[in-house]
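Under my numbering, think of the first position of the sequence shown as 20, with each following residue one higher.
Even for Gly, the Cβ is constructed at its ideal location relative to N, Cα and C.
For reference, the structure discussed in these notes is given below.
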Amino acid sequence: SSREDGCGKGVNVALMSKELGMESSCIGYLFNDNGALIGQRLKDAGSEEACIWLPGKVRTNLKVFDRENSRITEINESGDYISEADRERMIALVKEYAGKCDTMVFTGSLPPGCPADFYKTLMEATEGKCKCVLDAEGEKLTEGMKAKPFLIKPNHHELAATVGRELHTLGDIRAAAQTFVDGGVRHVVVSLGKDGALYVGVEGCFYAPEIPVEVRSTVGAGDALVGGLLYGLVKHGTMREGFRAGAAAGTASVMTEGTQLINLDDFERLLTQVQIQDL
20 SSREDGCGKG VNVALMSKEL GMESSCIGYL FNDNGALIGQ RLKDAGSEEA CIWLPGKVRT
80 NLKVFDRENS RITEINESGD YISEADRERM IALVKEYAGK CDTMVFTGSL PPGCPADFYK
140 TLMEATEGKC KCVLDAEGEK LTEGMKAKPF LIKPNHHELA ATVGRELHTL GDIRAAAQTF
200 VDGGVRHVVV SLGKDGALYV GVEGCFYAPE IPVEVRSTVG AGDALVGGLL YGLVKHGTMR
260 EGFRAGAAAG TASVMTEGTQ LINLDDFERL LTQVQIQDL
C-alpha cells in the first residue's frame with residue numbers, strides 16, 4: 020500500500036501541539052507547485068500556516084517501511100534553493116513570531132542556500148523573547164548550540180556523530196549529553212528508538228524505558244516526542260512531567276501508519292505506563 024501526506028518536521032510539531040490542545044503556528048518555506056497539500060493539512064487541523072511562499076516545488080521524501088523487519092528506508096530529496104533575500108525574510112518572520120509565542124521549535128534539515136549556522140542566526144533573532152528548542156543534526160546542531168537553546172533533542176545516532184565517538188551505554192549517552200548542559204543548554208532529551216528516551220539537564224537525569232507496542236511507522240516519532248514534551252511542560256510546569264508526556268507521545272506515534280502522528284486514546288493510555296527512572 021502507499022499514501023501521500025503533506026508533512027515535514029516543523030509541520031508535524033505544529034500538528035502534534037494542536038492535537039494536544041495547544042495553539043500552534045507553522046512558519047517556514049512552502050512552494051507554489053504543491054505546497055497547498057501541506058497548507059491545507061495545517062488549516063484542517065486548526066494550526067496557523069504562516070509560511071513564506073516561493074516559486075518551485077516542495078521536495079518529496081520517500082519512506083519505505085519493511086513490515087517484516089520493522090525497518091524503514093528513507094530516500095530524501097534536497098529541495099529548492101533559498102536565496103539570501105528569502106533568508107532575510109525568514110529572519111524577519113522569526114523576529115515577528117518570537118514576540119507572540121512562548122516556545123519556538125527549530126527542526127529538520129535546511130534547504131540549499133541556507134548555511135549550516137542558519138538555525139543559530141534564527142535563534143539569535145528571537146532576542147530571548149521565547150524559549151528556543153532545536154531538533155537538528157550535524158553542523159546545524161553544533162552551530163545552533165552556540166545560541167544556547169532552551170532544549171535540544173538529538174537521537175542516539177545524532178548525539179554520537181556530534182561528539183565524535185560511539186556511545187554504547189546509557190552512561191556514555193549521559194556523559195555526552197552532559198557536555199552540552201555544561202556548555203549552556205538547559206535541557207537535553209535524547210530519543211533512543213526502541214530503547215526509550217533519556218533526559219539530562221538542570222532538573223537532573225532520568226530515563227524512560229521502551230513501552231512494547233506494535234510498530235507501524237517510525238516517521239514523525241521524534242516530532243511527536245517534542246510536541247508531547249512541550250504539552251507536558253506547559254500543563255505541569257516540570258521537565259519530568261514534560262518528559263513523561265513526550266515519551267508517551269513518541270510511543271503513540273509509532274503505532275500509527277505513515278506520517279499520522281498519534282491517536283489521543285493511545286496517548287492517554289500510554290501516559291499511565293511511562294516509567295521514569297532517576298539515574
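If you follow the alpha helix (DSSP H) that residue 243 is in, where does it begin and where does it stop? 240-255
Identify every residue that forms a DSSP beta bridge with residue 82. Residue pairing by DSSP places residue 82 opposite 93 in a beta bridge.
Output needed for residue 174: all residues of its chain with C-beta closer than 6 angstroms, excluding positions within five of it in sequence on either side, in chain order. Around residue 174: 210.
In the DSSP assignment, find the beta strand (DSSP E) that holds residue 226 and state where it starts and stops. 223-227
Can you tell which of 101, 40, 65 has the C-alpha that lies nearest to the C-alpha of residue 74? When only C-alpha atoms are compared, the closest one is 101.
Ignore the nearest five residues each way along the sequence and tell me which others in residue 156's own chain have a CB closer than 6 angstroms to its CB. 177
From residue 218 to residue 43, what does the alpha carbon distance come to, in whole angstroms? 25 angstroms
Residue 122 - containing beta strand (DSSP E), residue span: 122-126
Specify, as a first and last residue, the run of the beta strand (DSSP E) that residue 190 falls within. That residue, residue 190, is in no beta strand (DSSP E); its alpha helix (DSSP H) goes 189-201.
Leaving out the 5 sequence neighbours to the left and right, which residues in its chain are closer than 7 angstroms to residue 203 when beta-carbon positions are compared? 167
Reducing DSSP to helix, strand and coil, say where residue 67 ends up. DSSP places residue 67 in strand when its eight states are reduced to three.
Applying the 10 Å Cβ sphere with the 16-neighbour rule, what's the burial state of residue 221? exposed
Kindly list the residues whose CB is nearer than 8 angstroms to the CB of residue 117, restricted to its own chain and excluding five residues on each side of it in sequence; keep chain order. 123, 144, 145, 146, 148, 149
In the DSSP assignment, find the alpha helix (DSSP H) that holds residue 154 and state where it starts and stops. In this chain, residue 154 is not harboured by any alpha helix (DSSP H); it is covered by the beta strand (DSSP E) spanning 150-154.
Within 10 angstroms of the Cβ of residue 236, are there 16 or more other Cβ atoms? Answer buried if so, exposed if not. In this structure residue 236 is buried. Its beta-carbon is surrounded by 16 or more other beta-carbon atoms within 10 angstroms.
To which residues of the same chain is residue 160 closer than 6 angstroms at the C-beta, ignoring the five residues directly before and after it? Only 181 meet the Cβ criterion.
Kindly give me the distance between the Cβ atoms of residue 239 and residue 280, rounded to whole angstroms, as I take these residues to be in contact under 8 angstroms. Indeed, because the Cβ distance is near 6 angstroms, the residues count as touching under 8 angstroms.
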